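**Student:** So that we are looking at the same thing, I have put the structure below in structure tokens.
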Amino acid sequence: MTTLAADQPATARVASSAPRAINVLRLHLTNKWTTLGTPLLILTFIFAVNYVIWLLIYTSTPEAARTAAGGNQYVEGTQYSGSTFYIFIYMLVIAIQVVLRTFPFALGFSITRRDFYLGTALLFGVLAAIYSVILTIMSYIEEATTGWGLGGHMFSTVWFGTGSLGQRLSSEFFAFLFFFFVGAAISTVYLRWRATGMIVLWGSIVLIGVAAAALITFANGWPAVGTWFLNAGVYGVVLWSLVITVISAFFGFRILRRATPVN
Amino acid sequence: MSVVEIANLTKRYGSVLAVNDVTLSLEQDIIHGLLGRNGAGKTTLMQLLTGQDFASSGSISVFGAPPVENARVLQNICFIKESQKYPEDFRAKHVFTNAPLFFENWDSAFAEQLVAEFRLPLNRRIKKLSRGQLSSLGVIVGLASRAPLTFFDEPYLGLDAVARQLFYDRLLEDFAEHPRTVILSTHLIDEVQNLLQHVIVIDEGRILVDSDAEELRGSATTVAGTARAVDAFTLGRTVLSRQGLGALAQATLSRLSDEDRAAAAAAGLDITPVSLQQLVVSLSETAQAASAHSGTSAQLGTSTTSTQREK
Chain H
1 MTTLAADQPA TARVASSAPR AINVLRLHLT NKWTTLGTPL LILTFIFAVN YVIWLLIYTS
61 TPEAARTAAG GNQYVEGTQY SGSTFYIFIY MLVIAIQVVL RTFPFALGFS ITRRDFYLGT
121 ALLFGVLAAI YSVILTIMSY IEEATTGWGL GGHMFSTVWF GTGSLGQRLS SEFFAFLFFF
181 FVGAAISTVY LRWRATGMIV LWGSIVLIGV AAAALITFAN GWPAVGTWFL NAGVYGVVLW
241 SLVITVISAF FGFRILRRAT PVN
Chain C
1 MSVVEIANLT KRYGSVLAVN DVTLSLEQDI IHGLLGRNGA GKTTLMQLLT GQDFASSGSI
61 SVFGAPPVEN ARVLQNICFI KESQKYPEDF RAKHVFTNAP LFFENWDSAF AEQLVAEFRL
121 PLNRRIKKLS RGQLSSLGVI VGLASRAPLT FFDEPYLGLD AVARQLFYDR LLEDFAEHPR
181 TVILSTHLID EVQNLLQHVI VIDEGRILVD SDAEELRGSA TTVAGTARAV DAFTLGRTVL
241 SRQGLGALAQ ATLSRLSDED RAAAAAAGLD ITPVSLQQLV VSLSETAQAA SAHSGTSAQL
301 GTSTTSTQRE K
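Each protein sequence line maps, in turn, to chains H and C. Mapping of the first sequence onto UniProt numbering: position 14 corresponds to residue 14, and the numbering continues sequentially without gaps. Mapping of the second sequence onto UniProt numbering: position 6 corresponds to residue 6, and the numbering continues sequentially without gaps.
As structure tokens, then:
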């Protein structure tokens, strides 16, 4: 964030506007159901559904198979569970909505674009921290209870929630930041250039994607791409996503500085 | 002392000139009326003054500095637009819990009193509020924020007569106790004419009138009587508008001197002051006609107006 702040020439304003950014954070957290209550409720629901499924698998597996050497083979597939992915997508939607709907309101409350963006970035940081702590705690409980007593996996999967404490926390934290800042950047493009901006943005993304795929295919590079992902591992990919996160955060800020409210 | 200084301000949206070379200054602690037709450029001008939109050219100074991205200037401003957007999940009460964070003069007790008086349902989602309730919400924020520079953009769209009267009363009372600069944008001119101390009329992005309200009210007069007497009297004078019905006619003229008045009375004509609304209507029509047939100005404008009226 320091690079973003350095964008402003007047240093005096940085100090005076700090509390205003905190106020923007409080504005965002006015209705905690949207940012915390509802997602956690859905998470609980998904967990309950998963638990019932594990229970079904558990009870329908013969006693002998469950206790055999190398046990828990019967629930091996749950390690690939993507049950917690929804929460990342939900946060992407939150980021899109917060910028799209709260920005025009914030301007009406005489908040500068800069303070709005800083307060919103604070919100993203706070939410990412809360959710990665929750997911990490759940992953440890899951391990300690050997999959809630049923060998199930939802929070300690091949994607997240394994490895050291630092790795668990940081991989989830960075993944949340990725979805937050990418969502926010998409909204700023809309705020600044409306429908035209959306068409150009998605058009470019499709073009770049197709061009990249074509290049890789012609160069026979798919095996190399696969190897890269295998070598990087999940944590490596998450770390690489930081590049996109930082680019989104930077351009989101620059674009928002010239955005106008939707009429 | 002036709070707002605008010089040669222009805002262009594609080929449309929403604000066209406007130069204006607004005095401190005065209630200004920003009047004009739909699409005249009222909201654009206010968005430019509050840093919500960016000028194409020209300069704006509010409290001595450009307002865009200027926290020091903006924290003294309250501008709840007629088309104000609220966060998706907001209820009216959420607006009031957040207002004190951003308006340092916010008066919670006053806000509570206004909520009761306007009968605003605090627990209803803003999406579900009626047009009038939405306007009440904006009016309450505008009044209770007590910002040194407060904008009311079409504040009583959808408000019933009782609520409108309530707004005028509370605005005047609170203004007397806590003087501040108010800009009231509206096209319901008759209702607010006694409230306004200064009048700005904007049409197609240009300032038509920028005048003290008292002075403006005296600046035009209507003479009525027989068509023959009216025509004889108006010959050689600037006629803002003329209406006729058979042998009777009435004409609106620019400022009359005492001798003019005496002459009109002697000719058997009735003299009445023109309401602000009539004045704004005739000025806008004259300006429109003038821009339509530029070159052949006032005379043509007059005849177009009168034929329109007689229909």
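In this text, a Cβ means the ideal position worked out from N, Cα and C, and glycines have one as well. Remember, predicted model here, so these are calculated numbers, not experimental data.
1. Quick check: the Cα distance between C:ASN70 and H:ARG258, rounded to an integer number of angstroms?
2. For H:LEU100, collect the residues of the same chain with a Cβ closer than 6 Å to its Cβ; drop the 5 residues on either side in sequence, then sort them by chain order.
3. Is it true that the CB of C:LEU208 sits closer than 9 Å to the CB of C:PHE233?
4. The segment 151 to 165 of chain C: which residues have C-beta closer than 7 Å to a C-beta of chain H, in chain order?
5. Take C:MET46 as the anchor and find which of C:ALA251, C:LEU216, C:ILE271 and C:GLY205 has the nearest alpha-carbon.
6. Let me know if C:ARG170 comes out buried or exposed under the rule of 16 or more other beta-carbons within 10 Å of its beta-carbon.
7. Looking only at its chain, what residues have a beta carbon closer than 6 Å to the beta carbon of H:GLU63, apart from the 5 residues adjacent to it on each side?
8. Mind reading off the beta-carbon distance from C:CYS78 to C:THR150? Whole number of angstroms is fine, and I expect it under 8 Å.
9. Just curious, the beta strand (DSSP E) that C:ALA220 is in, first and last residue?
10. Please state if the CB of H:VAL24 and the CB of H:PHE116 are separated by a distance shorter than 9 Å.
11. So H:ALA184 packs on H:PHE88, CB below 8 Å; how close in whole Å?
12. Alpha helix (DSSP H) containing H:VAL126: first to last residue?
13. For the putative contact between C:VAL199 and C:LEU276, defined by C-beta atoms under 8 Å, what is the C-beta separation to the nearest angstrom?
14. Can you name the residues of chain C whose CB is closer than 8 Å to the CB of H:PRO104?
15. Whole angstroms are fine: how far does the CA of C:GLU285 sit from the CA of C:ALA163?
16. Could you tell me the distance, in whole angstroms, from the CA atom of H:LEU230 to the CA atom of H:TYR140?
17. Give the DSSP-derived three-state secondary structure of C:ALA55 in the structure shown.
18. List the residues of chain H whose Cβ lies closer than 7 Å to the Cβ of C:GLU88, in chain order.
19. May I ask you to list, following chain order, the residues of the segment 38 to 58 of chain C that have a beta carbon less than 9 Å from some beta carbon of chain H?
20. State the Cα-Cα distance for the pair H:TYR190 and C:VAL16, rounded to the nearest angstrom.
21. Going by DSSP in three states, H:THR102 sits in which element: helix, strand or coil?
22. Compare the beta carbon distance of C:ARG72 and C:ILE126 with 9 Å and say whether it is the shorter of the two.
23. Classify C:GLN133 as helix, strand or coil using the three-state DSSP reduction.
24. Could you tell me the distance, in whole angstroms, from the CA atom of C:TRP106 to the CA atom of H:GLY82?
25. Does the distance from the CB of C:ILE140 to the CB of C:LEU49 come in under 9 Å?
26. Hey, could you find the ends of the beta strand (DSSP E) C:ASN8 is sitting in?
27. If distances are taken between C-alpha atoms only, which option among H:LEU122, H:LEU56, H:SER204 and H:TYR86 comes closest to H:ILE46?
28. Beta-carbon within less than 6 Å of H:VAL133's beta-carbon, same chain only, minus the 5 sequence neighbours each way: which residues are those?
29. Counting only Cβ pairs nearer than 9 Å, list the residues of chain H close to C:THR226.
30. When burial is assigned at 16 or more other CB atoms within 10 Å of the CB, is C:GLY295 buried or exposed?
31. Given that H:ARG258 touches chain C, what residues does it touch there, using C-beta distances under 8 Å?
32. Candidates C:VAL280, C:PHE103, C:GLU27 and C:GLN197: which alpha carbon is nearest C:LEU172's?
33. Check H:PHE160 in the structure and name its three-state DSSP category.
34. Please look up how many angstroms separate the CB atoms of C:LEU9 and C:ILE80, rounded, as I've assumed it's under 8 Å.
**Tutor:** The short version:
1. 13 Å
2. SER187
3. no
4. If you check each beta-carbon in the segment 151 to 165 of chain C against every beta-carbon of chain H, none falls closer than 7 Å.
5. Among C:ALA251, C:LEU216, C:ILE271 and C:GLY205, the Cα nearest to that of C:MET46 is on C:GLY205.
6. buried
7. none
8. 5 Å
9. 220 to 226 is the extent of the beta strand (DSSP E) around C:ALA220.
10. yes
11. The Cβ separation is near 14 Å, so there is no contact.
12. From DSSP, the alpha helix (DSSP H) with H:VAL126 extends over 113 to 144.
13. 7 Å
14. GLN84 and LYS85
15. 31 Å
16. 25 Å
17. coil
18. Listed along chain H are GLN97 and ARG101, each with a C-beta nearer than 7 Å to that of C:GLU88.
19. THR43, GLN47, THR50, GLY51, GLN52, ASP53 and PHE54
20. Computed Cα separation, rounded: 22 Å.
21. Helix.
22. Going by C-beta atoms, C:ARG72 is not nearer than 9 Å to C:ILE126.
23. Here C:GLN133 sits in helix by DSSP.
24. 48 Å
25. Judged by beta-carbon spacing, C:LEU49 lies beyond the 9 Å limit of C:ILE140, meaning their Cβ atoms are not closer than that value.
26. Per DSSP, C:ASN8 is one residue of the beta strand (DSSP E) stretching across 2 to 13.
27. H:TYR86
28. none
29. Those do not exist, as C:THR226 stays about 51 Å from chain H at its closest Cβ, beyond 9 Å.
30. Summary for C:GLY295: the model assigns pLDDT 43, below 50, so the residue's position carries little reliability, and this model does not support an answer.
31. The answer, in chain order, is PHE54.
32. C:GLN197
33. coil
34. About 22 Å separates the two Cβ atoms, so there is no contact after all.
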